[in-house]
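S.K.: Residue numbers (our numbering): 674 to 1025.
Have a look at this one before I ask anything.
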Amino acid sequence: MHTEMGHDIEKAASLLEAGELVAIPTETVYGLAANALNAKAVARIFEVKNRPHFDPLIVHLSAGSGPESPMSGMTSMGPCRDVAKAEDYLRRMLDPYVRDLPVWALKLARSFWPGPLTLVLPRKPVIPDIVTSGLDTVALRIPAHLATLELLARLPFPLAAPSANLFGRVSPTTAQHVVDQLGGKISYVLDGGPCGIGLESTIVGEVAGAPAILRLGGLRQEDIEAAIGNVAHAPSGAKPLAPGNLESHYAPSAPLYFDDLGYAQRGYAPGEVALLLYKKELAGVPADQQRVLSPLGDLNEAAQKLFAAMRELDALCAKRGLKAIFTQKFPDQGLGRAINDRLKRASAARVS
Ligand code: AMP
Ligand code: MG
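In C-alpha cells form, the structure reads like this:
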C-alpha cells in the first residue's frame, strides 16, 4: 500500500467514513485514527500498530462547529469565559458516551479542552469493547489542533486514536515520523506540521473515589492542581490502567541510560556514545553526537523536541555504529516530570 502525506481534510474524512485508518496531527503527538464507533475499523489500529488488545485507546471528540460551540474558539484558546454555557455544552456533548460526569472532570474539561488532557470516565455501551479493552471506562479528549478539529467537526462520529507508532516505540511528532514507522501500512497521513507540545496527553481518571493522574503528559500537574486541588498518582499495578505506564515504553532501538552521563565509567569511549541533554553540551563527546533540547532552559521547548531528538540520535547510532544514548535528568517540575517519565521508560527497554 502506498502511503500518501498531505493536507486534504476532505480526503481524510472520506477514508475514515469508509472505515479506513488515517494518521492525524494533534498538539501532543500524531494519532492513528479510526471511527471509534466501528469495531472493525478500530481492530485495524491494533493490527497496524502491533498493539496488544489489553491497551485501550483514547477517543477524540469534536469541539463542535460554529458560534454555538463555546469549545470551538480555537483563535481564543483557553477556558471559555461563560462557565455555565461551557459546562452545559460539555454535558450535552459527552452525554452520548459517558454515564457519569463528576464535578472534577467537568471542571478540567472546561478549563483545558481543547488541549493535552484525557479524561477517563464511565462509558456507555455505544463505545465498542475493543476501544476500551473491555474496561467499564472510556478515555476521552478534544485535541487542540486546527486541522484535526476541522476533520472531527465534519465527521458524524468520534475518532479512536492511539499514538501513530509501532507499539512500545517512540511517538511521532511529525508526519514524516509516521511514514517512517507505518509507511506501507496506511494510505493517508494528514500533515499538520510538527506537534506543538510533543508529549502524549496527561490522563486523569478516578481512583478510590478521587481524581488521580494515570499518566503524566503534556498538561502540567501544577495546572491540574490549580484547577481542582491536589491529585494523586495512580499506583502502577500488574495490569496497568494506562499502558503508557508500562515499565518499558517509548523506546528507541539503541540502549538508553537515564539520569546517567557516566559513559566512561560504563566502558564507552566518547566516540561511541550519543548524548541527550537539557541546556548545554558536554565537553569531550563530538558535538554532532549530542542533542541539546533547550539552551534557554524552557521545559516546554524541551518536551516539544524530545521525541524527534530521540529518533535522530537513534538513527545516528544505527548509521555510525554508536553503542548507546546517555541522558540526564530534567528538573522535576512542569513538563520536566513527563520528560523524565518517558526517558525512564525508554531506559527500561535496555537489556544490559
Ligand atoms: P497512546 O495514545 O498510545 O498513548 O495510548 C493511549 C493511552 O490511554 C494508553 O496508555 C491507554 O491505556 C490509556 N487509556 C485509554 N483508555 C483508558 C481507560 N479506560 N483507563 C485508563 N487508561 C486508558
Ligand atoms: Mg503510545
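Each residue gets a CB set at the ideal place from its N, CA and C atoms; glycine is no exception.
Tell me the DSSP secondary structure of Pro-884 in three-state form.
M.R.: Here residue 884 refers to the residue found at position 211 of the sequence shown. DSSP places Pro-884 in strand when its eight states are reduced to three.
S.K.: Count the other CB atoms within 10 Å of the CB of Pro-801; is the residue buried (16 or more) or exposed (fewer)?
M.R.: If you number the sequence shown from 1, residue 801 lands on position 128. That one is buried.
S.K.: Could you check whether the Cβ of Gly-1049 sits closer than 7 Å to any heavy atom belonging to ligand 1?
M.R.: One cannot answer for residue 1049 here, as it falls past the ends of the chain, which runs 674 to 1025.
S.K.: Might you give, ordered along the chain, the residues of its own chain that have their beta carbon closer than 6 Å to the beta carbon of Met-750, omitting 5 neighbours on each side?
M.R.: Counting from one through the sequence shown, the residue named residue 750 turns up at place 77. The predicted position of Met-750 is uncertain, since its pLDDT is 46 and thus under 50; no value can be drawn from it.
S.K.: Leaving out five residues before and five after Ser-967 in sequence, what residues of the same chain have Cβ atoms less than 6 Å from its Cβ?
M.R.: Sequence index remark: in the sequence shown, residue 967 carries index 294 (1-based). Glu-974, Ala-975, listed in sequence order.
S.K.: Quick check on Phe-1003: does DSSP put it in helix, strand or coil?
M.R.: Counting from one through the sequence shown, the residue named residue 1003 turns up at place 330. DSSP places Phe-1003 in coil when its eight states are reduced to three.
S.K.: Met-766 to Ala-1021, Cα distance in whole Å?
M.R.: Here residue 766 refers to the residue found at position 93 when the sequence shown is read from its first residue. Here residue 1021 refers to the residue found at position 348 when the sequence shown is read from its first residue. Between Met-766 and Ala-1021, the C-alpha separation is close to 40 Å.
S.K.: So Ala-817 and Ile-876 are in contact, right, with Cβ under 8 Å, and what is the actual spacing, rounded?
M.R.: Taking the first residue of the sequence shown as position 1, residue 817 is located at position 144. Taking the first residue of the sequence shown as position 1, residue 876 is located at position 203. Not really, about 16 Å apart at Cβ, beyond 8 Å.
S.K.: Count the other CB atoms within 10 Å of the CB of Pro-1026; is the residue buried (16 or more) or exposed (fewer)?
M.R.: Only positions 674 to 1025 of the chain appear in the structure, and residue 1026 is not among them; the question remains open.
S.K.: For the candidate residues Leu-995, Asn-903, Arg-964, Leu-863, whose alpha-carbon lies nearest to that of Leu-694?
M.R.: Stepping through the sequence shown from its first residue, residue 694 is reached at position 21. Nearest C-alpha to Leu-694: Leu-863.
S.K.: DSSP three-state label for Gly-1009, please.
M.R.: Position 336 of the sequence shown holds residue 1009. Correct three-state label for Gly-1009: helix.
S.K.: So Met-678 is in the beta strand (DSSP E); what residue range does that whole segment cover?
M.R.: In the sequence shown, the residue the question calls residue 678 occupies position 5. 677-679 is the extent of the beta strand (DSSP E) around Met-678.
S.K.: Name the one or two DSSP bridge partners that Val-732 has.
M.R.: In the sequence shown, counting from the first residue as 1, residue 732 sits at position 59. Paired residues: Leu-813, Ala-833.
S.K.: Mind reading off the beta-carbon distance from Met-983 to Val-843? Whole number of angstroms is fine, and I expect it under 8 Å.
M.R.: Locating residue 983 in the sequence shown gives position 310, counting from the first residue. Locating residue 843 in the sequence shown gives position 170, counting from the first residue. Contact flag correct, Cβ pair sits at about 5 Å.
S.K.: Determine the extent of the beta strand (DSSP E) in which Tyr-861 is found, giving its start and end residues.
M.R.: Against the sequence shown, residue 861 aligns to sequence position 188. 861-863 is the extent of the beta strand (DSSP E) around Tyr-861.
S.K.: Under the three-state reduction of DSSP, which class applies to Gly-944: helix, strand or coil?
M.R.: To locate residue 944, count along the sequence shown from 1; it is residue 271. Gly-944: helix per DSSP, three-state reduction.
S.K.: Here's the rule I'm using: 16 or more other beta-carbon atoms within 10 Å means buried, otherwise exposed. How should Val-756 be labelled?
M.R.: Residue 756 sits at position 83 when you count from the first residue of the sequence shown. The residue in question, Val-756, is exposed, as its Cβ has fewer than 16 Cβ neighbours within 10 Å.
S.K.: Have a look at Phe-840, Arg-893, Lys-780 and flag the residue whose alpha-carbon is nearest the alpha-carbon of Gln-1006.
M.R.: Walking along the sequence shown from the start, residue 1006 turns up at place 333. Among Phe-840, Arg-893, Lys-780, the Cα nearest to that of Gln-1006 is on Arg-893.
S.K.: How about Leu-950 and Gln-963: are their beta carbons less than 8 Å apart?
M.R.: Numbered from 1 along the sequence shown, position 277 holds the residue referred to as residue 950. Numbered from 1 along the sequence shown, position 290 holds the residue referred to as residue 963. In contact: Leu-950 and Gln-963 (Cβ atoms closer than 8 Å).
S.K.: Enumerate in chain order the residues of its own chain whose CB-to-CB distance from Val-946 is below 8 Å, with the five nearest sequence positions on each side excluded.
M.R.: Sequence index remark: in the sequence shown, residue 946 carries index 273 (1-based). Excluding positions up to five away in sequence, the list reads Tyr-936, Val-958, Gln-962, Leu-995, Lys-996, Ala-997, Ile-998, Phe-999.
S.K.: In terms of DSSP beta bridges, what is Ile-876 paired with?
M.R.: Numbered from 1 along the sequence shown, position 203 holds the residue referred to as residue 876. Its beta-bridge partners are Thr-791, Arg-888.
S.K.: Give me, in chain order, the residues of the same chain whose beta-carbon lies closer than 8 Å to that of Thr-748; leave out the 5 immediate sequence neighbours on both sides.
M.R.: By 1-based counting over the sequence shown, the position of residue 748 is 75. For Thr-748, the predicted structure reports a pLDDT of 40, less than 50, and the residue's modelled location is therefore unreliable. A value from the coordinates is still provided. Cβ neighbours of Thr-748 beyond the five flanking positions: none.
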